[in-house]
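Beneath this line is the structure, given in structure tokens, with notes to follow.
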Amino acid sequence: MKHSRMKKWLVPTLAFTLVMGMGTTAFAQNGHDNRDDNRNNNSRFTQDKSKNVNVKFDFKDTQGKDFEWALRYIMSLASRRIFDGYPDGTFKPQESVSRIEAITAAVRLMGLRDQAESAEEMATKLNFNDAKSVPAWAVGYVAVALENDLFSESDTNVNPNQPADRLWATTLLVKALKLQNEAEANMNAKLPFKDASSVPAGSIGYVKVAVDKGLVNGFEDNTFRPKQLVTRAQIAALLDRAGNQLPSSNDGLITGTVSAPVSGNVLTFTTNGQTSSLPLDANAFILRNGARVSSSALQTGDVVNFRSYNNNIIFLEVTQLSGNPTTNPSQAIGVKTGMVAAAVTGNTLTLVSGGQTITLPLNANALFFRNGAQISASGLQLGDIVSTRSYNYGVSFVEVTQSVGTTGTPTNYDSTVTGTMAYPISSNALLVNSNGEVKGLPLNTGAIVYRNGAITNVSALQVGDILTTYSYNNSVAVIEVIQSVSQQTTSGDMTGTLVGSVSNNQITVTSAGKAYSFQLHANTFIYVNGVLCPPSVLQPGDVITVHYNSGVVLTAEVSQHVDGSNLLLPTISLLTGTVVSASNNTLIVVSGNVAQAVTLNDKAFIYRGGVLVSATALQAGDVIKVRSYNNSAVYAEVTQLTTGNNQSFSVSGTFNSVTFNSNGKIATITLNQTSSSGIVTTTTYNVASTVTILGNIANMVANHAILLQGTGATIQTISIQ
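Throughout the sequence shown, residue numbering follows mature numbering (1 follows the signal peptide of the UniProt record, and there is no 0), covering -28 to -1, 1 to 693 in sequence.
Quick look at the structure:
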């Protein structure tokens, strides 16, 4: 998919006005040619003042420790208006990023925002099958992405709202960097991951290039997990690292050294031997030593990178602290080993690894262990050999594997367990089902949990999570959730095996190798061995079928006990038909032109128009689906609302009684009806004022056979047999 038009932007530049997010400002004539004409000159610090910029840094859901690791990436992209937050003031860092969000960000990263938001591109008629599902604001972005080979020739759909997984996002960014040729040359490469076989052959080269370029890495268990969804925080990190490899990455970026204390919110700095001053915007985002700080925290001698607009600095990052020697900064990814080269200062661990001095940022709640005991960071000694485990580009776990001055084989205090969380945490112990055995693992009081792309604590764990634990001296220090239990929010049926016991009125079911969490309704109908039972009788290992609505279990039946024995099922019947009438305990439904009386359980779940209602809310003519257990209807759902009921039906039974209206005509007739299971019910039907009576009326006495024929909800003919 090569286009001559595309070639003009093979390596586009980020003009400063675009960096600041003014999507309506063109690069040059017609927004296409002479794309370098308006490039910013760093020595002059002047920008177009004709537009306003609104860069938001105070996302209310990125505060706290869970997303400290992503803060730099998020704010760097926000300062360039590449990846924004939402109108409600949130960034939603833990939500999955949609494909259209990722495509939009990639196009902006390439410096093509102005083109994508041009009238010409936004008017493009897309040829994708799902073109109508692409939001109007995004049409130009999809068009530009297509012109720049971000789609493959075989793509027939955009799938704009589909969550992006790791493989798809990785491929997108490699294409955005124009590295397709390099990727194609690496299609036969060998990937270093344990799950390399799960990466499609046609994607091997893209993953190889992404790993080689430092865009993505594997997880701590040496897996790539191509189908794992990418969060908005994670895509921010990917975008920022990818953007740093574009020739235009430094456009609008000024590097200098702080030459005087900040005074009056003005930064004085030296760059290229020249001293200059610029005011700091009141809402400027300043990052120093991995944390957001005020301008007063900046120190003379700090080396900084910053971006400004209208001569106001809006984003500043300290890249080297004042007085610190230059070391080789290293991304804290996976497991690294080395020798402690300096005392921990400024939340930074300095190691000698592979003959180089590297610095690794420490997460706020990092755990340290030495000689079988937990210590503080200050307990590390120069010359200690350590192994570190990192999450979200910060070290969370540091273990001294050999203390300075010791020789011989050190004691191994490590242990690792992989399995499924089987029960809620109790008495500070984690219960994990591993290879069919439930193991109780004591928890470190500061245990670190990595779940859904964020560092959190043990309270975030859920029964059904598949996890790997890393223990030190028989105490779990780190828990990595490999696969989170899926919270069901849809409606349907599922058969699987119970994991753990009922907790907080929730159950977890594993089906087809995946765990799902369900909420139980206060009145859930649960049948064990054919009998209605409370939830407390459910046992881990039971095979169960659940029927749920919006993730809430309404009915369930256990078919196999945990010991493997098969259990009796209740008598289950399904009926679909048209409502004739409904009361609180009886529902008359026409199915196959025959009216049937259904006994309603007094706690039956009845849905009409998606809302839980009482039986009296049902209307004649509603098309309904009914589920009964042991001859009692416990669930009914209207699948089609009435549009008028003219359906004909017939019903037979034995005479019970009649009532008369004020004119002396029959108003209602009541029959005794016997179900297929032998249960006798008494049902009353409305009678039309023009009813036709066939047969000898003298025989309309108790228990005599009667055939009724009706239309809608009214009896038109009474036949006395």
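All C-beta atoms, glycine included, are put in the ideal place defined by N, C-alpha and C.
Model, not experiment: these values are computed from the prediction.
- A straight line joining the alpha-carbon of Ile285 with that of Thr383 spans about 53 angstroms.
- If you compare the alpha carbons of Phe278, Asp193, Tyr607 with that of Ser249, the shortest gap goes to Phe278.
- The C-beta of Val358 has 16 or more other C-beta atoms within 10 Å across all chains shown, which makes the residue buried.
- Rounded to the nearest whole angstrom, the C-alpha separation of Val509 and Thr543 is 20 angstroms.
- In the structure shown, Glu67 falls within a coil segment according to DSSP collapsed to helix, strand and coil.
- For Ala401, the enclosing beta strand (DSSP E) covers residues 401 to 406.
- Ranking Asp274, Ile176, Asn429, Gly273 by CA distance to the CA of Ala336 puts Asn429 first.
- Distance from the CA atom of Asp212 to the CA atom of Asn120, rounded to whole angstroms, is 20 angstroms.
- In the structure shown, Ser531 falls within a strand segment according to DSSP collapsed to helix, strand and coil.
- In this structure the segment 136 to 151 lies against the segment 193 to 208, because at least three pairs of beta carbons, one per stretch, are closer than 8 angstroms.
- The alpha carbon of Pro107 has as its nearest neighbour, out of Ser280, Val630, Gln328, Glu89, the alpha carbon of Glu89.
- For the pair of segments examined, the segment 435 to 455 was found not to touch the segment 493 to 509: the number of CB pairs separated by less than 8 angstroms stays below three.
- Listed in chain order, the non-local C-beta contacts of Gly228 below 7 angstroms within the same chain comprise Phe241, Thr242, Thr243, Val276, local neighbours out to five positions each way being set aside.
- Note on geometry: alpha-carbon atoms of Lys185 and Ser175 lie some 16 angstroms from one another.
- Rounded to whole angstroms, the gap between the alpha carbons of Pro507 and Gly472 is 13 angstroms.
- The segment 400 to 417 and the segment 51 to 68 do not touch, with fewer than three beta-carbon pairs separated by less than 8 angstroms.
- Residue pairing from DSSP places Val566 in a beta bridge opposite Ser563, Ser622.
- The segment 654 to 672 and the segment 591 to 610 do not touch, with fewer than 3 CB-CB distances between them shorter than 8 angstroms.
- Secondary structure note for Thr548: its beta strand (DSSP E) is the uninterrupted segment 544 to 554.
- Here Thr441 is near Thr388, since their CB atoms are less than 8 angstroms apart.
- Of the other Cβ atoms in all chains shown, 16 or more fall within 10 Å of the Cβ of Val623; this residue is therefore buried.
- A direct Cα-Cα distance of roughly 13 angstroms separates Lys147 from Lys180.
- In the three-state reduction of the DSSP assignment, Val659 falls in the strand class.
- For Val652, the beta-bridge partners assigned by DSSP are Thr646.
- The residues Ile75, Leu98, Val106, Val130, in chain order, have a CB closer than 7 angstroms to that of Val114 in the same chain once the five nearest residues on each side in sequence are set aside.
- In the structure shown, Asp184 adopts helical secondary structure according to DSSP, grouped into three states.
- Comparing alpha-carbon positions, the option among Asn261, Ser406, Asn283 lying closest to Thr291 turns out to be Asn261.
- The beta carbons of Leu643 and Ala605 sit no closer together than 8 angstroms.
- Around the CB of Ser537, fewer than 16 other CB atoms lie within 10 Å, so the residue is classed as exposed.
- Counting C-beta atoms within 10 angstroms of its own C-beta, Lys308 has 16 or more neighbours from the protein chains shown and is therefore classed as buried.
- Rounded to the nearest whole angstrom, the CA to CA distance from Ala419 to Asn446 is 13 angstroms.
- Taking the Cα of Glu73 as reference, the smallest distance to any Cα among Tyr178, Ser124, Val202 is reached at Val202.
- Beta bridge pairing from DSSP links Gly468 with Ile516.
- Cβ contact annotation for Val630 (same chain, cutoff 6 angstroms, sequence separation greater than five): Ile638, Ile641, in chain order.
- About 5 angstroms separates the beta carbons of Leu352 and Val312, which is inside the 8 angstroms limit, making them a contact pair.
- Our two residues, Ala182 and Leu334, have alpha carbons roughly 25 angstroms apart in a direct line.
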